[in-house]
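The structure under discussion appears below in the form of structure tokens.
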Amino acid sequence: MTQKGLTLLEILITIAVLIILSVIILGALNEFRDSRALSGAREEIIGALREARSRTLASENENQFGVHFETSRIIVFVGPDFIPDDPKNEIRAISLRTEIFNINFSGSDTVFKRLTGESDPEGNVSVRLKKDPSELFTVYLNSSGLVHD
-7 MTQKGLTLLE ILITIAVLII LSVIILGALN EFRDSRALSG AREEIIGALR
43 EARSRTLASE NENQFGVHFE TSRIIVFVGP DFIPDDPKNE IRAISLRTEI
93 FNINFSGSDT VFKRLTGESD PEGNVSVRLK KDPSELFTVY LNSSGLVHD
């Protein structure tokens, strides 16, 4: 008579293999999330700068627009100066996995000039992963208001 079923050793080996595969998959998933968070922050910064310049060139409501940078968010604002509580401010949060650092404008703002779209001032801003600061990128804004990285 043959016995059918699993032994305790077979069950333990199966569980161990499943645990190892889960750890590998979760590690790859976290790496993918980090990569997407960093890429998303980059796109958010570039998008905000391009939108503020475009809206300024279009003279939307005869205004000029600027971008203000903070550690965890980007704010597109109306007018020559950033006013923190202005209801017209458009706040764009970035992933909690990333942080904005090394903001190289005079202060934390850049404003675009009407008619020309030039940036005042030119500069750059960097974003990095919180858990791995060596993973970063920098977006540059030249004096003509064009963005590159």
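Numbering of the sequence shown is given in this note's numbering, commencing with residue -7 and proceeding in unit increments. Beta carbons are placed, not taken as given, at the ideal position from N, Cα and C, and that holds for glycine. Computed from a prediction, not measured in an experiment: that's the story for all the values here.
Is the CB-CB distance between residue i and residue j below 8 Å?
i      : j      : result
LEU121 : LEU30  : yes
LEU133 : GLU114 : yes
VAL103 : ASP112 : yes
PHE57  : ASP101 : no
SER51  : ILE86  : no
SER126 : GLU110 : no
ALA33  : THR90  : yes
ASN81  : PHE93  : no
ILE37  : ILE66  : yes
In whole angstroms, what separates the C-alpha of residue i from that of residue j?
i      : j       : result
VAL9   : LEU(-2) : 16 Å
PRO76  : ARG84   : 14 Å
GLY137 : ARG45   : 7 Å
Quickly, what does DSSP pair residue i with across the bridge? List them, please.
i       : result
ILE83   : ILE67
VAL119  : ILE92 and PHE129
GLU(-3) : Checking the sequence, you will find Gly at residue -3 rather than Glu. For GLY(-3), which the question treats as bridged, DSSP gives no partner whatsoever.
PHE104  : SER111
My guess is that residue i and residue j are in contact by the Cβ rule of under 8 Å, so how many angstroms apart are they, rounded?
i     : j     : result
VAL15 : LEU41 : About 40 Å separates the two Cβ atoms, so there is no contact after all.
ASN55 : GLY71 : 6 Å
Legend entry - 3-residue-minimum beta strand (DSSP E) runs that sit fully inside the segment 14 to 69, ordered along the chain: You should have 57 to 61.
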